[in-house]
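Visitor:
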Amino acid sequence: MKVSLICALTCWQLVMFAASAPINFNDVQFSPRLLLSRSDGNSFPNLIAVDYAREVLNVLELYHLGPNLVQAKITPSGLLFEMQTDVQAKEVAKTWMQKNGIAKNFDLRQTNQDFYDD
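Read left to right, the sequence shown gives residues 43 to 160 (the numbering used here).
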């Protein structure tokens, strides 16, 4: 009985998922990493990257995510920082978009760039 119930629920979920709007996986990011870059092409000052990433979270008023910052690094393409989960990174990116980017010459987005690429 339990097996048939599980099968029925699984089939129902598959049908409901298939009936929902198609997912464009190019628009969905599953990365916990974020890249803050400058649109004017200037590089970031030589600051402590983790402090700079925490300041970004504070400016976005995402104080609860500060302890979830895993690592950060200043790269040639900008400030790369990583949250514990991709959901947290998505929250940061979404808040950035809702606040219209805080500053005009900066762009924040989720990225798959790793900390070993320079």
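Note that beta-carbon positions come from the ideal geometry of N, C-alpha and C, so glycine has one too. Just so it is clear, the structure is predicted and the values come from calculations on it, not from any experiment.
1) If you draw a straight line from the C-alpha of Asn154 to the C-alpha of Trp138, how long is it?
2) Less than 8 Å between the beta carbons of Leu76 and Leu150, yes or no?
3) Please state whether DSSP places Glu103 in a helix, a strand or coil.
4) To the nearest angstrom, how far is the alpha carbon of Asn142 from that of Pro109?
5) Nearest-angstrom Cα distance between Ser81 and Gln152?
Guide: Reading from the atomic positions:
1) In this structure, the CA atom of Asn154 is about 18 Å from the CA atom of Trp138.
2) yes
3) coil
4) 24 Å
5) 16 Å
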